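Q:
Number of protein chains: 2
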Amino acid sequence: MKYIDKLRISGLRPTKQRIQICEVLFNTEKTFHFTINELEQKIRNKKGNKISLATVYNTVHAFEKNGYLKRIPLNSNQTYFDTNVTNHHHFYDLKEEKLIDLENSDVGPISIKRKINGKKIKSVEVLVKLED
Amino acid sequence: MKYIDKLRISGLRPTKQRIQICEVLFNTEKTFHFTINELEQKIRNKKGNKISLATVYNTVHAFEKNGYLKRIPLNSNQTYFDTNVTNHHHFYDLKEEKLIDLENSDVGPISIKRKINGKKIKSVEVLVKLED
DNA sequence: AGTGTAGTTTATAATGGTTCTAAATAAGTG
DNA sequence: CACTTATTTAGAACCATTATAAACTACACT
Ligand SMILES: [Mn+2]
Ligand SMILES: [Mn+2]
Ligand SMILES: [Zn+2]
Ligand SMILES: [Zn+2]
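Structure, rendered in structure tokens:
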């Protein structure tokens with residue numbers, strides 16, 4: 448999907464800054480994990496110009512709300528996002544403080560046997576912590 | 448196990464403040480989830496006196512390090528802890544913003560088929576998000 | 001018991017990721 | 001081009017958490 452469509456569907460006008468964010472986020476072979484600060488640095492390195500943090504936060508949050516980015520539940524002082532929005536799970540390397548994707552085929556089916564009245568399951572996410 | 452032993456094993460002297468924290472954390476039929484601020488309020492309500500936040504943080508972190516409390520990976524602006532330190536998983540009710548324990552028997556066995564060289568699995572935690 | 005030392009509590013400050021603000025700028029529309 | 005509305009931005013505000021350092025306490029040893 449073209450960047451501009453992702454932006455438009457997310458209710459955002461395709462500005463110069465947002466398109467640069469898109470190029471770093473979506474113009475890659477592989478998906479990746481990032482914090483807001485890492486993303487801001489990456490844009491500065493790859494594009495050679497600086498986008499204000501407020502714009503990065505706004506754009507990432509809009510993409511998250513519209514399903515083009517995923518927030519990863521993790522105990523860290525920074526929030527981690529994922530450009531891989533398919534259902535998948537994660538290794539978390541405690542020493543390196545790095546996330547690694549687990550393909551869905553890497554994890555057997557997960558059966559949740561308990562039901563909560565009036566609630567339905569929105570997502571099931573597994574976090575596998577790794578140590579040496 | 449007596450509070451004082453938990454404290455001593457954690458390398459902490461059994462002071463008046465720490466014993467009050469223990470009474471609120473461990474002197475209950477059921478286990479529970481909490482944030483530091485909720486814990487501090489609970490102590491003030493149940494014990495009628497105030498313990499400084501620094502002491503609550505220090506004590507909780509010492510108990511976490513020694514396996515008497517568990518930190519729950521969750522995307523929140525506050526850190527959640529659990530007095531249930533057995534292997535178990537969680538529902539997270541997105542609307543109520545509340546954690547619910549899933550007993551181990553509520554979740555089928557989870558097989559992780561991928562290995563990372565030189566790393567071993569420390570924990571496997573499932574987070575099931577609930578919506579209405 | 002009294003003393004000395006190391007551990008502890010506490011109020012308060014510092015830190016740092018995130019969110020808010022409001023003024024300057026840019027996009028879209030006719 | 002003129003106008004309206006959305007966007008960007010630097011900086012301030014927010015707030016959970018961590019650090020600080022002075023007053024206080026546990027406890028081991030006389
Ligand atoms: Mn978090
Ligand atoms: Mn946190
Ligand atoms: Zn991922
Ligand atoms: Zn729990």
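Keeping their order, the protein sequence lines are chains A and B. With this note's numbering as the guide, the letters of the first sequence map in order to residues 448 to 579. With this note's numbering as the guide, the letters of the second sequence map in order to residues 448 to 579. C-beta atoms are modelled at their ideal positions from N, C-alpha and C, and glycine is treated no differently. All values derive from a computational prediction rather than experimental measurement.
1) I'd like to confirm the pairing. Which residues does DSSP put opposite H536 of chain A in its beta bridges?
2) Helix or strand or just coil, what does DSSP make of Y450 of chain B?
3) Where F481 of chain A and P461 of chain B are concerned, what is the direct C-alpha to C-alpha distance, given to the nearest angstrom?
4) Where the beta carbon is closer than 5 Å to any heavy atom of ligand 4, which residues qualify, in chain order?
5) Counting only beta-carbon atoms, is I451 of chain B nearer than 8 Å to chain A?
6) Under DSSP, the beta strand (DSSP E) around I563 of chain B begins and ends at which residues?
7) Based on Cα-Cα distance, which residue from B:N534, B:N513, B:V507, B:E578 lies nearest to Y527 of chain B?
8) Taking Cβ positions only, does L521 of chain A come closer than 8 Å to chain B?
9) Grouping DSSP H, G and I as helix and E and B as strand, with all else coil, what is L577 of chain A?
10) Got a sec, what are the start and stop residues for the alpha helix (DSSP H) K493 of chain B sits in?
11) According to the neighbour-count rule (16 or more other Cβ atoms, all chains shown, within 10 Å of its Cβ), is R465 of chain A buried or exposed?
12) Look at L595 of chain A and P520 of chain B and say whether their C-beta atoms are less than 8 Å apart.
13) Do you know offhand how far E544 of chain B's Cα is from K569 of chain A's?
14) Cutting at 7 Å between CB atoms, please list the residues of its own chain near D579 of chain A, excluding the five before and the five after it.
15) Between H508 of chain B and ligand 3, is the CB less than 7 Å from at least one heavy atom?
16) Does the stretch 509-516 of chain A touch the stretch 551-570 of chain A, meaning 3 or more C-beta pairs lie closer than 8 Å?
17) Looking only at DSSP bridge pairs, what is S570 of chain B linked to?
A: Working from what's here:
1) A:L549
2) helix
3) 42 Å
4) Each of B:D529, B:N531, B:D548 has a C-beta closer than 5 Å to some heavy atom of ligand 4; these make up the full list, in chain order.
5) no
6) It is not in any beta strand (DSSP E) - I563 of chain B carries neither H nor E in the DSSP assignment.
7) B:V507
8) yes
9) strand
10) 483-494
11) The residue is buried, with at least 16 neighbouring Cβ atoms inside 10 Å.
12) Residue 595 of chain A lies beyond the residue range present for chain A, which begins at 448 and ends at 579; the question has no answer from this structure.
13) About 14 Å.
14) So the qualifying residues of the chain are K542.
15) no
16) no
17) A:K576
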